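Undergrad: Going by our numbering, the sequence shown wraps up at 103, each residue one higher than the last.
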Amino acid sequence: MSELKHLKKEWEAIFSCMGCGDCGFAIRPAVGRYLTCPVKEAKADEGFEIYFSRGRMNILKSVLEGKLPLSKELAEFVYQCSECGNCTEVCHMS
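In structure tokens, the structure reads:
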């Protein structure tokens with residue numbers, strides 16, 4: 010389980026996700042602009058939630074809970090994040 014040590018450091022952030030979906034598509038008056046996940050936009054035709062923060066949080070929760078095995082393919086999805094910060098800007102839990 011040592012391969013999950015870096016994920017366990019992010020436990021609170023991962024499990025604080027309430028699943029609202031604003032991280033993928035949101036207009037927030039507080040920041041005064043439209044924000045969306047660029048990876049989700051680029052992968053919109055594929056239609057999978059795995060391409061934006063809520064989907065990645067659900068995957069990471071399942072890995073940490075032992076419900077989903079860690080794999081190279083899974084890591085490729087999770088690490089597609091561009092780290093633009095839009096999800097952090099719109100997140101109600103940040």
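By construction, the Cβ of each residue, glycine as well, lies at the ideal position given by its N, Cα and C atoms. Predicted model, so just to flag it, every value in this text is computed and none were measured.
1) Mind checking who THR97 pairs with in its DSSP beta bridge?
2) Alpha carbon to alpha carbon, what distance is there between PRO78 and LEU16?
3) Which residues bound the alpha helix (DSSP H) around PRO47?
4) Would you kindly work out how many angstroms separate the C-alpha atoms of CYS26 and PHE86, rounded to a whole number?
5) Would GLY33 and PHE61 qualify as a contact pair, given that the criterion is a beta-carbon distance under 8 Å?
TA: Short version:
1) In the sequence shown, counting from the first residue as 1, residue 97 sits at position 88. Bridge partners of THR97: none, in fact.
2) Here residue 16 refers to the residue found at position 7 of the sequence shown. Here residue 78 refers to the residue found at position 69 of the sequence shown. So the alpha carbons of these two residues sit roughly 14 Å apart.
3) Within the sequence shown, numbered from 1, the residue matching residue 47 stands at position 38. From DSSP, the alpha helix (DSSP H) with PRO47 extends over 47 to 51.
4) The residue labelled residue 26 in the question sits at position 17 within the sequence shown. The residue labelled residue 86 in the question sits at position 77 within the sequence shown. Their backbone Cα atoms lie some 18 Å apart in a straight line.
5) Here residue 33 refers to the residue found at position 24 when the sequence shown is read from its first residue. Here residue 61 refers to the residue found at position 52 when the sequence shown is read from its first residue. Cβ distance < 8 Å, so GLY33 and PHE61 count as in contact.
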